[in-house]
Amino acid sequence: MAIVEAVACGLQVVCTKVGGIPEVLRPDLVFLREPNVPALIEGLECAMADHLKGKVVSPDERHKFVQECYNWYNVSSRTEIVYESLLHLSHPTLGKQLSNYRQSGVWPFLLVVSMMWVILRFLEWIVPRSSIDIARDYVKRK
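Residue numbers (the UniProt record's numbering): 1 to 142.
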């Protein structure tokens, strides 16, 4: 979030190509580099050279981009789209999930997931899903 805030302040930003930044900010707003020291140094040199040549996006344009893309209405709309898409995904079986976790190489996590599954089944036995009230969907009027 600090990188987006820096761009919103009109700053030139040099950062690595990890953590979702390439998906969040346009390439002309940040200098994206590989996560190693020589690449970051090269990014800083490019940023300074572009600044001296005047080949940078103005601070006002940077601020305007962030202001338009990251207001609460846009963020909530995109979040809602993600949640809606997740509702339509099929849920993997416990066996498939454990197989995926086993491939990650973190064996103790298998025990944690298995115990959580047993606890959830026990709680569902105590309070069945059918006895839980479902919240109504309210449709926005346009």
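Virtual Cβ for every residue (Gly too), placed ideally from N, Cα, C.
Just so we're clear, the structure is a prediction, and the values are computed from it rather than from any experiment.
- Counting C-beta pairs closer than 8 Å gives fewer than three between the stretch 105–115 and the stretch 125–135, which falls short of the contact rule.
- Under the DSSP assignment, R102 falls outside any beta strand (DSSP E), being part of the alpha helix (DSSP H) whose first and last residues are 94–104.
- For R141, no beta strand (DSSP E) encloses it, and the DSSP letter there is neither H nor E.
- Taking C-alpha positions only, Q67 is separated from A8 by approximately 7 Å.
- Residue range 59–69 is occupied by the alpha helix (DSSP H) that includes C69.
- Shown here, R33 sits in a strand according to DSSP, grouped into three states.
- When C-alpha distances from F65 are compared across P27, I119, K17, the shortest belongs to P27.
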